[in-house]
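K.L.:
To start, I am sharing the structure in question, which I have written as structure tokens.
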Amino acid sequence: KSEHIKKPDWLKIKLNTNENYTGLKKLMREKNLHTVCEEARCPNIHECWGERRTATFMILGAVCTRACRFCAVKTGLPNELDTAEPERVADSVELMNLKHVVVTAVARDDLKDGGSAIFAETIRAIRRKNPFTTIEVLPSDMGGDRDNLQRLMDAKPDILNHNIETVRRLTPRIRARATYDRSLELLARAKEMYPVIPTKSSLMVGLGETVEEIIETMDDLRAHDVDIMTIGQYLQPTKKHAKVVKYYSPDEFGELRKIAMEKGFSHCEAGPLVRSSYHADEQVNAAAKE
Ligand code: SF4
Ligand code: SF4
């Protein structure tokens, strides 16, 4: 009964075939590193890797212990821990000459520390080699454990990003294991541990939520002191994933952004192709000006 709805024109982007980042892709293979930019086939890769000098690394392996209904990352038994990974990420940040780097990770529910030790070491290694690069981290809930979050925060990232992903009602259907409240709690705790570090969260829309529910999510994020919000269109990665229920128009995104700014976020990026890490370099500046 739920028919496939047609992709609107503003999402049909022509990928630039004149790829000037082939060298960077080769570097990723040589270093055995994974980026969300490549793996999620992110449409913004030219702009990010080229003009903006920003990229999103995915550490702790390419296999996740969870299987969220919106996510294209492979699920299964995780890779062995690679303790040399932090240095390789740091080297690549240097070789890519990045201004801003986002480090995310698969959920490692098999590890007691949720991967937080390697995560923290990655921040430190990047900073040692790239003192001028701003570092944003995008961890999973790391089992909801306070010590894991503390370990990560003690490495002092420039932005702590943790995605709420969807509205409260749809969370059990869309996210695996994660809960809406646990994510809010992580964001509030991070702010409590280091009030000067901006916190950020992203919402995907188009999964069947109502506008009221989106506004409620904004209120919940603000009530947990979240500074930055991004809102983007959910796109179905494969037929097996959750279906798109609605494509929001660029105007509707503009409207959502306006509401978010009225709610008091210091920065909000909203648009059909907005991803958690899109224009993240500007957000650091916006947060720093606070
Ligand atoms: Fe990579 Fe994020 Fe830019 Fe996409 S928006 S290319 S995932 S940094
Ligand atoms: Fe994807 Fe993260 Fe969910 Fe794992 S926990 S399936 S990486 S969204």
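If you read the sequence shown in my numbering, its first letter stands for residue 1429, the second for the next number, and so on. The beta-carbon is built from N, C-alpha and C at its ideal position, and this holds for glycine as well.
Rounded to whole angstroms, what's the CA-CA distance from Val1702 to Lys1691? Just pull it up for me.
P.N.:
Cα to Cα, the separation comes out at about 20 Å.
K.L.:
Does the stretch 1628-1637 come close enough to the stretch 1662-1678 that 3 or more CB-CB pairs lie under 8 Å?
P.N.:
yes
K.L.:
Tell me, please, whether the CB atom of Ala1483 is closer than 8 Å to any CB atom in chain D?
P.N.:
Any reference to chain D falls outside this structure, which holds one protein chain only.
K.L.:
Using only the alpha-carbon positions, how far apart do Gly1543 and Arg1536 sit?
P.N.:
6 Å
K.L.:
What number of angstroms, rounded off, separates the C-alpha of Ile1687 from the C-alpha of Tyr1706?
P.N.:
19 Å
K.L.:
Answer yes or no: the CB of Cys1465 versus the heavy atoms of ligand 4, is any distance below 7 Å?
P.N.:
With respect to small molecules bound, the structure shown includes ligand 1 and ligand 2 and not ligand 4.
K.L.:
Per the contact definition of three or more C-beta pairs closer than 8 Å, is the stretch 1493-1501 in contact with the stretch 1607-1617?
P.N.:
no
K.L.:
Kindly identify the DSSP beta-bridge partner or partners of Val1633.
P.N.:
Gln1661
K.L.:
For the alpha helix (DSSP H) containing Ala1599, list its first residue and its last residue.
P.N.:
According to the sequence displayed, residue 1599 carries Thr and not Ala. Start and end: Thr1599 to Ile1602.
K.L.:
To the nearest angstrom, report how far apart Arg1556 and Asp1541 are at their CA atoms.
P.N.:
23 Å
K.L.:
Would you check if the distance between the CB atom of Gln1578 and the CB atom of Met1621 is smaller than 8 Å?
P.N.:
yes
K.L.:
Could you spell out where the beta strand (DSSP E) holding Asn1589 opens and where it closes?
P.N.:
Its beta strand (DSSP E) spans residues Ile1587 to Asn1589.
K.L.:
Does ligand 2 have even one heavy atom less than 7 Å from the beta-carbon of Arg1552?
P.N.:
no
K.L.:
Are there any heavy atoms of ligand 2 lying less than 7 Å away from the beta-carbon of Ala1535, as far as the coordinates show?
P.N.:
yes
K.L.:
Pick out whichever of His1432, Ile1563, Ile1433 and Leu1439 has its Cα sitting closest to the Cα of Pro1700.
P.N.:
Leu1439
K.L.:
Going by DSSP in three states, Ile1554 sits in which element: helix, strand or coil?
P.N.:
helix
K.L.:
I'd like to know whether the C-beta atoms of Ala1468 and Cys1476 end up nearer to each other than 8 Å.
P.N.:
no
K.L.:
Can you tell me which of the three DSSP states Thr1645 falls into?
P.N.:
helix
K.L.:
By DSSP, does Thr1562 sit in helix, in strand, or in coil?
P.N.:
strand
K.L.:
If I follow the unbroken alpha helix (DSSP H) through Glu1745, where does it start and stop?
P.N.:
What is shown of the chain runs 1429 to 1718, which leaves residue 1745 out entirely.
K.L.:
Would you say Val1534 and Leu1488 are within 8 Å of each other, going by their C-beta atoms?
P.N.:
Yes, these two residues count as a Cβ contact at 8 Å.
K.L.:
Beta carbon of Arg1481: closer than 7 Å to some heavy atom of ligand 1?
P.N.:
No, ligand 1 has no heavy atom inside 7 Å of this Cβ.
K.L.:
Tell me, please, whether the stretch 1457-1468 touches the stretch 1511-1527 by the rule of three or more beta-carbon pairs shorter than 8 Å.
P.N.:
yes
K.L.:
Using the Cβ count rule (16 or more neighbours within 10 Å means buried), how would you classify Lys1628?
P.N.:
buried
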